[in-house]
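> Pasting in a structure now, in C-alpha cells, and then I'll have a few things to ask.
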Amino acid sequence: MAFSELIGQKIAKSRLGSALTSDPGHAFVLVGPPGIGKKSLAREFAKGLLCSHPTEDGGCGTCPNCIYVREHTHPDYRELLLPPGEKNIKVADVRTKILSDVTIMSQIAARKVYLIDADYLGEEGQNALLKTLEEPPKNVVFILTVSDESRLLPTILSRTESIRLFPNTEEEVVLALRKMNPEILPEEASLFARFSNGIIGYAVKLSESSWLTDAWEEVTDLLLQLPELSRTELMTKRYSFFDEEKEHFADILSLMEMVLGEMALAVVAPDSDALREEAKKDKISKMVKKHAITMRKIGLCSEALTVAAKAYKSNGNYEMIVSRMLLALKKGVM
Ligand SMILES: [Zn+2]
C-alpha cells in the first residue's frame, strides 16, 4: 500500500506526501466525516513517517519499518483507539500509553508515531495531551483523527496542522467498492455509491445489508408494472411496502427517481450504456415501448414524487401522501 493505492483524497495525500519528504512537523489532525477514510490515510502516513526510504507516495513497503507497521508489530508506532465496549478513551490510557512512552527513544525507526482517534478523546484526555503537544519531544509525530474539528480544544487545534478529507466522487466510491469486493455487481456498486454521499465507509455499510438492493428491486418492479396494476392491487399489496418502509421514505423516493431516470434513458437514448445489467435494461425498454411511455409521462410521475417528498418533509399524513402518490403515478403512466 501507498498513498496512490488509496482512492481519492488528492489534496490530503499531496500535503502528507510533501511532509514525508521534508521536516514533517510534529502533529496533524485529519478531519472528515465518519467512514471517509481518515484512519486508512493516517496509517499510510504513519508508515511513511517510520519508513527508511519514504517518498511522496508514502512508505516504500519493503523496508523492515514498513513490514513491521503492516504486521502491526512496529515498536515505535502506537494507536490509541476506542477500546471495545467503552464510550471514551480513558485519560489513564493517554498517560500510560502515550505520555509515559513519548520520552523513550525510538527503537528501530528514526522517530515515533502515535495515532489517536480524537473522536473519543474527551476534554480531560485532550488536556492531558496538551503539554506534550506544546513542547513535543524530538522525533515524535502525533496523528489525530476527528470527524468534527469543534470536538477539539482550540489549544489542541492551534498546535496541530489540520488536514481535511473531502467526500469522494461517485466514481471513486465505485472504484473503492469494487477494489474491496471484486464480485460486487457494477450496478449495485453504482447504487451504493449514489447513496453514500461520497463516503466510502458508508457505501461499504450499505453493501453489507440487502435493504437498498431489495428496495430498488421492489420500486423497479412497481414502476414497471404500474400500467397493469389494478387500483386495488396498488392500494393493498403495493401500499404495504410503503407502510413498512415509512422510516426510509426519502430513500425510497430517490430510488424511484432513479428508475424514472432509467425509463427516460430508454425513451431518449435506448442504446446508451445504462446502469443496470442487460436483463433489467431489457425489461425497462420493453415496458417503455409497450405502454408508449413518453418524456411527458415520466415528467408527470416525477412531479408526483416531488409532491410526495414535500408533503413528507412537512409531516403530512403518511397514508394520504403515499396513496395520492401511487394514484398520481398510475395516472401519469396511462
Ligand atoms: Zn519502507
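For what it's worth, this note's numbering labels the leading residue of the sequence shown as 12, then goes sequentially. We put the beta carbon where it would ideally sit given N, CA and C, even for glycine.
May I ask you to list the residues that DSSP assigns as paired with Val185?
Note: Val185 sits in no beta bridge, so no partner.
> Only counting the same chain, and skipping five residues up and downstream in sequence, which positions put a Cβ closer than 6 Å to that of Lys123?
The answer, listed in chain order, is Asp87, Ser117 and Val151.
> Quick check: what's the CA-CA separation for Leu27 versus Glu146?
Approximately 22 Å, taken between the alpha carbons.
> Ends of the beta strand (DSSP E) at Leu155?
First-last of the beta strand (DSSP E) with Leu155: Val151 to Val157.
> Ordered along the chain, which non-local residues of its own chain (more than five positions away) have a Cβ less than 8 Å from that of Ala226?
Result list for Ala226: Glu256, His259, Asp262, Ile263 and Leu266, in chain order.
> Assuming Glu172 and Gly36 are in contact, meaning their beta carbons sit under 8 Å apart, how far apart are those beta carbons, in whole angstroms?
Contact holds; Cβ gap of about 6 Å.
> Given a threshold of 16 other Cβ atoms within 10 Å of its Cβ, counted over all protein chains shown, does Thr73 qualify as buried or as exposed?
Exposed, by the Cβ-count rule.
> Buried or exposed for Asn76, going by 16 or more other Cβ atoms inside 10 Å?
Result: buried.
> Taking the beta carbon of Leu41 as the centre, do at least 16 other beta carbons fall within 10 Å, making it buried, or is it exposed?
Leu41 comes out buried.
> For the 8 Å Cβ check, are there 3 or more pairs between the segment 319-338 and the segment 284-302?
Too few Cβ pairs lie closer than 8 Å, so no.
> From this set, Phe14, Phe253, Ala200 and Ala103, which residue's C-alpha is nearest Lys50's C-alpha?
Among Phe14, Phe253, Ala200 and Ala103, the Cα nearest to that of Lys50 belongs to Phe14.
> Helix, strand or coil: how does DSSP classify Val40 here?
Strand.
> Answer yes if the segment 231-244 comes into contact with the segment 187-204, meaning at least three C-beta pairs across the two stretches below 8 Å, and no otherwise.
Short answer: they don't touch.
> Which two residues bound the contiguous beta strand (DSSP E) that contains Arg175?
Segment Glu172 to Arg175, the beta strand (DSSP E) holding Arg175.
> Within this structure, are the beta carbons of Leu168 and Asp128 separated by less than 8 Å?
Cβ atoms of Leu168 and Asp128: not closer than 8 Å.
> Counting only the same chain and skipping the five closest in sequence on each side, list residues whose C-beta sits under 7 Å from that of Val270.
So the qualifying residues of the chain are Val230, Thr231 and Leu234.
> Pick from Lys291, Gly343, Ser325 and Leu338: whose alpha carbon is nearest that of Ala303?
Of the listed residues, the one whose Cα sits closest to Ala303 is Gly343.
> What is the DSSP secondary structure of Arg89, counted as helix, strand or coil?
Reduced to three states, the DSSP call for Arg89 is strand.
> Please say whether Arg205 and Glu181 have beta carbons closer to each other than 8 Å?
Closer than 8 Å, so yes.
> Which residues in the same chain have their Cβ closer than 6 Å to the Cβ of Gly212, if we skip the five residues on either side of it in sequence?
So the qualifying residues of the chain are Gly46.
> Quick check on DSSP: helix, strand or coil for Val113?
Looking at Val113 - three-state DSSP - the assignment turns out to be coil, as it is neither helix nor strand.
> Across which residues does DSSP place Leu126 in a beta bridge pair?
Answer by DSSP bridge pairing, in chain order: Glu90 and Ile154.
> For Thr243, which of helix, strand or coil comes out of DSSP?
Residue state, collapsed to three classes: helix.
> Under 7 Å Cβ to Cβ from Leu340, same chain only, skipping five residues before and after it: list those, please.
So the list reads Leu237, Cys312 and Ala315, once near-sequence residues are dropped.
> Can you tell me which of Glu219, Leu337 and Leu132 puts its alpha carbon nearest to the alpha carbon of Ser158?
Nearest of Glu219, Leu337 and Leu132 to Ser158, Cα basis: Leu132.
> So is the beta-carbon of Thr84 under 7 Å away from any non-hydrogen atom of ligand 1?
Not so, every heavy atom of ligand 1 lies at least 7 Å from the Cβ.
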